Amino acid sequence: MRKLKNNELDRLNVDEFKQAKKTPIVIVLDNIRSLNNIGSVFRTADAFLIEKIYLCGITAQPPHKEIQKTALGATDSVVWEYMDNTLSVIEKLEKDNYIVLAVEQAENATFLNDFKIDEAKKYALVFGNEVKGVSQEVVSASNIVLEIPQYGTKHSLNIAVSVGIVVWDLWSKLRQ
1 MRKLKNNELD RLNVDEFKQA KKTPIVIVLD NIRSLNNIGS VFRTADAFLI
51 EKIYLCGITA QPPHKEIQKT ALGATDSVVW EYMDNTLSVI EKLEKDNYIV
101 LAVEQAENAT FLNDFKIDEA KKYALVFGNE VKGVSQEVVS ASNIVLEIPQ
151 YGTKHSLNIA VSVGIVVWDL WSKLRQ
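Take the sequence shown: its letter number 2 is residue 2 in this note's numbering, and every next letter is one higher.
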């Protein structure tokens, strides 16, 4: 086996990305502190042709060198918008017929591996603050709470890891 060079990967350029059919998923970041996590989310969104990222509350916005360090240019390809209030974003998305999925540990949460996707629907994934998680008001306003099953001693995963797991899972289910 030989490792492929970047020019052999057949990736889209930024203009092609902007014209490409997107995965019917948006990501909502609810008060994310870490600029590196924000940049990583942009890269994941680029990798899976995500429609848009909403940056809410204290979540920093591009351009910022710490975001760029991990985004590696994905802030140029992925559409994003800043909105101060996460709940307002949720209300807007629900009016636009998105199913809002808060990724959190909550009563009656659906484990990610048990979640059945409807290919005819659009989804909004809400990820919360590294310490406090998704705010209770946003959890309460969501249609479904998704939980990533975990079996070790820790209570949570890094947000960038969580985004990667959930986006990959939904993207895979949409492609089956």
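Ideal Cβ placement from N, Cα and C applies to all residues, glycine included.
As the structure is a prediction and not an experimental result, all values here were calculated from the model.
Residue 46, buried or exposed, once every other Cβ within 10 Å from all chains shown has been counted against 16: buried
In terms of residues, what are the limits of the alpha helix (DSSP H) holding residue 42? 35–47
Is the number of C-beta pairs between the region 151–161 and the region 11–28 that are closer than 8 Å three or more? no
By DSSP, does residue 145 sit in helix, in strand, or in coil? strand
How long is the line joining the alpha carbons of residue 56 and residue 134, rounded to whole angstroms? 11 Å
Alpha carbon to alpha carbon, what distance is there between residue 130 and residue 31? 8 Å
Who are the Cβ neighbours of residue 167 in its own chain at under 6 Å, not counting the five residues just before and after it? 44 and 48
I need the boundaries of the alpha helix (DSSP H) containing residue 76, first residue and last residue. 74–77
Excluding the five sequence neighbours on either side, which residues of its own chain have a C-beta within less than 6 Å of the C-beta of residue 74, listed in chain order? 42, 43 and 46
Whole-Å CB distance - residue 138 paired with residue 90, under 8 Å assumed: 6 Å
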